[in-house]
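Notes for the one structure printed next.
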Amino acid sequence: MAAKIITVAIEKGGTGKTVTTSNLAYLMGLDGKRVLCIDTDPQGNLTSALSDGRGEIANGAYDGKALYDMFTGFRFTKTQDFITATEYGDNVDMIPGSSQTPRINQRLPELFEDATFLSKSDSSKRINSIADFLFYFLKQVVDEYDYIIIDTQPTRDSLLLTNAISAADYVLIPTMCDANSQESAFRTFALCNELSNAPGSRLKGVGVLLTAVMKKAAATKLIRAQCQEVLGPALFKYEIPHSLSVGMAVTNHQPVCFSAPKQPVSIAYKQVYRELKERLAKLEVK
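Listed below in structure tokens is the structure:
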């Protein structure tokens, strides 16, 4: 069965995209699932989190063998050549980011022209839309994994983000319990719904996850109630609590579920993973 492709996205920074991506990937691998992580964020934090810090952008550890290189060598490259192991067992792989990731947005129009030209003589290079480039590469390995999970940059104006959403079966939107994050989540939710209604869309579902939740804070109750009213069943039942353990895990370049598995935040991520599996299963039935 082909992998479920999950994109983690919201236009605002600091809401827990990378933390959520790395922890879900770790839990999926622990669950015996084969997982491929894609780091499309120019900051490269997912690459760092899955490489024990060795993959920090400044280190240049993946220069020449990262996402940019896969894209820019479109005429000749194969996805498999850019997949590398992570620190979290045989089940979790990644296509890392590098300092060149921001250049993908600049190169995509030119690469799409190449694809349009090449498709006249080689149908295997056919790409119908500039938003389908990432999916073109993921299609080559989609049968080798159970899940492909994509971390994204905090923006709403990026061809690479559009590619990440266009490739997805499901988009997960992590948002903190504050007004600015909430508005960003609502805009990203609306964007995903708009894209899901476009002809040929692969997107089957969208979910919103509350992160860094301070349960006793008055703002939490207000934001939660507003999210429930606007999002309805798209809002996840389980939430990620605020925890100092997350900051320590990020500092150590590790998923918190690995470094502090018994902490409430790690238990919450396990609950979110179970809920995500249930949601994906329901989409499969539909």
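Each residue of the sequence shown is one higher than the one before, starting from 605 at the first, in my numbering.
In this text, a Cβ means the ideal position worked out from N, Cα and C, and glycines have one as well.
Keep in mind it's a predicted model, so treat the numbers as computed, not measured.
Reducing DSSP to helix, strand and coil, say where residue 771 ends up.
-> When DSSP states are grouped into helix, strand and coil, residue 771 belongs to the helix group.
Under a CB-based cut-off of 8 angstroms, is residue 697 close to chain C?
-> In the structure shown, chain C cannot be found, because there is only a single protein chain.
Does the stretch 761-771 touch the stretch 624-631, meaning 3 or more C-beta pairs lie closer than 8 angstroms?
-> Segment contact: the stretch 624-631 against the stretch 761-771, fewer than three CB-CB distances shorter than 8 angstroms; contact not assigned.
Counted within 10 angstroms of its Cβ, other Cβ atoms place residue 653 as buried (16 or more) or exposed | So residue 653 counts as buried.
Runs of alpha helix (DSSP H) wholly within the stretch 687-752 (minimum 4 residues, chain order) | Within the stretch 687-752, the runs of alpha helix (DSSP H) that reach at least 4 residues and sit entirely inside it are, in chain order, 707-722, 737-743.
Own chain, CB closer than 6 angstroms to residue 835, minus 5 neighbours either side, in chain order = The beta carbon of residue 835 is closer than 6 angstroms to those of 812 in its chain, skipping five residues each way along the sequence.
Is residue 846 closer than 8 angstroms to residue 657 when the C-beta atoms are compared?
-> Cβ distance not < 8 angstroms, so residue 657 and residue 846 don't count as in contact.
According to DSSP, is residue 755 helix, strand or coil?
-> The answer is strand: DSSP assigns residue 755 an E or B state.
Thinking just about the alpha-carbon of each residue, which of 637, 660, 671 is nearest to the one in residue 644?
-> It is 671.
Short check: CB of residue 611 to CB of residue 756, under 8 angstroms?
-> Taking C-beta atoms as the reference points, residue 611 and residue 756 count as a pair closer than 8 angstroms.
With respect to the beta strand (DSSP E) encompassing residue 811, which residues constitute its N-terminal and C-terminal limits?
-> Its beta strand (DSSP E) spans residues 809-815.
Let me know the secondary structure DSSP gives residue 609 once reduced to three states.
-> Shown here, residue 609 sits in a strand according to DSSP, grouped into three states.
Opening and closing residue of the beta strand (DSSP E) in which residue 781 lies = Boundaries cannot be given for residue 781, as no beta strand (DSSP E) includes it and DSSP labels it neither H nor E.
Answer yes if the stretch 780-790 comes into contact with the stretch 798-806, meaning at least three C-beta pairs across the two stretches below 8 angstroms, and no otherwise.
-> Fewer than three beta-carbon pairs drawn from the stretch 798-806 and the stretch 780-790 are found closer than 8 angstroms, and the two stretches are therefore not classed as touching.
Just grab the DSSP bridge partners of residue 839 for me.
-> Answer by DSSP bridge pairing, in chain order: 812.
Along the chain, where does the beta strand (DSSP E) that runs through residue 643 open and close?
-> First-last of the beta strand (DSSP E) with residue 643: 639-643.
How many angstroms separate the CA atom of residue 792 from the CA atom of residue 765?
-> One Cα belongs to residue 792, the other to residue 765, and the distance between them is close to 11 angstroms.
Expected contact under 8 angstroms - CB spacing of residue 666 and residue 702 to nearest Å = Rounded to whole angstroms, the Cβ separation of residue 666 and residue 702 is 5 angstroms, and the two are in contact under 8 angstroms.
Hey, how far is the Cα of residue 808 from the Cα of residue 849?
-> Whole-angstrom Cα-Cα distance: 33 angstroms.
Cβ-Cβ separation, residue 608 to residue 774 (assumed contact under 8 angstroms), whole Å | Indeed, because the Cβ distance is near 7 angstroms, the residues count as touching under 8 angstroms.
Considering only residues of the same chain and omitting the five flanking positions on each side of residue 696, which have a CB-CB separation below 6 angstroms?
-> Here the set comprises 629, 633, 639, 690.
Rounded C-alpha distance that separates residue 825 from residue 712 | Answer to the nearest angstrom: the Cα atoms are 43 angstroms apart.
Could you check if residue 693 is buried or exposed, using at least 16 other CB atoms within 10 Å of its CB as the buried criterion?
-> When all chains shown are included, residue 693 counts as exposed.
Those residues which DSSP pairs with residue 845 across a bridge | Answer is 817, bridged to residue 845.
For residue 676 and residue 763, the rounded distance between their alpha carbons | Cα-Cα distance, rounded: 14 angstroms.
Straight-line Cα distance separating residue 686 from residue 746 | Going by the C-alpha atoms only, they are around 14 angstroms apart.
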